[in-house]
Amino acid sequence: MKKIAIALAVLLGLAVPVSADGHKNKAKSEDKAAIETAVFDYFHGQGEASRERLFRAFDAENSSMVGVTRGEDGTEAVRSWKDMTEVLSRWAANDNPPGGDRDGEILSMDIVDDRIAVVMFRSADRFYDALTLGKVNGEWKIIAKAFVLQ
Numbered sequence: 085m086k087k088i089a090i091a092l093a094v095l096l097g098l099a100v101p102v103s104a105d106g107h108k109n110k111a112k113s114e115d116k117a118a119i120e121t122a123v124f125d126y127f128h129g130q131g132e133a134s135r136e137r138l139f140r141a142f143d144a145e146n147s148s149m150v151g152v153t154r155g156e157d158g159t160e161a162v163r164s165w166k167d168m169t170e171v172l173s174r175w176a177a178n179d180n181p182p183g184g185d186r187d188g189e190i191l192s193m194d195i196v197d198d199r200i201a202v203v204m205f206r207s208a209d210r211f212y213d214a215l216t217l218g219k220v221n222g223e224w225k226i227i228a229k230a231f232v233l234q
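Straight run, no breaks: the sequence shown in my numbering ends on number 234.
Printed below as a string of structure tokens:
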């Protein structure tokens, strides 16, 4: 009987931290899902020329974009876009968008302090994105985008 009581005490002692961590894991999985939603709203929003999805993904008024691009002569240069409202509006006005059924995937995701995340994203064979997302008033938004062409 004493052995059973000890075994139960040990098991119950282990159950307390597990249930406390369960709450943290639930919050982390909710954050992860919300981040994935924002990233794919951007990706599919661009593919579908969906203004609604693009503006839902980005904090358009405050975000920026920087990328390594190629000129017509093949030389690389760094370009930056400070007005994402203009960029997103241009993407949404695309008369011939590539479509929502494109190949893209999240390569990695790091969440720090439950308020900032960095996502590495591959878009088909076109480019790689490093997306920084911030959680503001409970919502995850893309606040910075850096990219390189493949």
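Glycine included, every Cβ here is placed at the ideal spot set by N, Cα and C.
Values in this document were obtained by computation on a predicted structure and should not be read as measured data.
Straight-line CA distance for residue i to residue j?
i    : j    : result
A230 : S147 : 11 Å
A207 : G183 : Reading off the sequence shown, one finds Ser at residue 207, where the question assumed Ala. Rounded to whole angstroms, S207 to G183 spans 13 Å at the Cα level.
V171 : L215 : 16 Å
Q297 : D185 : Outside the shown range of the chain, which is 85 to 234, sits residue 297, and nothing can be said about it.
Q234 : V202 : 20 Å
M149 : V162 : 11 Å
D187 : D115 : 23 Å
F127 : D198 : 23 Å
D125 : A133 : 11 Å
E156 : T121 : 35 Å
L138 : W175 : 8 Å
K219 : A111 : 13 Å
S113 : A144 : 25 Å
V232 : M204 : 11 Å
S173 : A118 : 23 Å
W165 : V152 : 12 Å
G222 : T169 : 22 Å
Taking the beta carbon of residue i as the centre, do at least 16 other beta carbons fall within 10 Å, making it buried, or is it exposed?
i    : result
R154 : exposed
K225 : buried
E136 : exposed
T159 : exposed
A141 : buried
D213 : buried
V253 : With the chain represented from 85 up to 234, any question about residue 253 goes unanswered, as that position is not in the structure.
Identify whether residue i lies in helix, strand or coil by the three-state DSSP scheme.
i    : result
D115 : helix
G131 : helix
E156 : coil
S173 : helix
A144 : coil
With a cut-off of 8 Å, do at least 3 Cβ pairs link the region 173-181 to the region 190-197?
-> no
Return the chain-ordered ranges of every beta strand (DSSP E) run that is complete within the region 176-233 and spans a minimum of 3 residues.
-> 188-196, 200-207, 211-220 and 223-233
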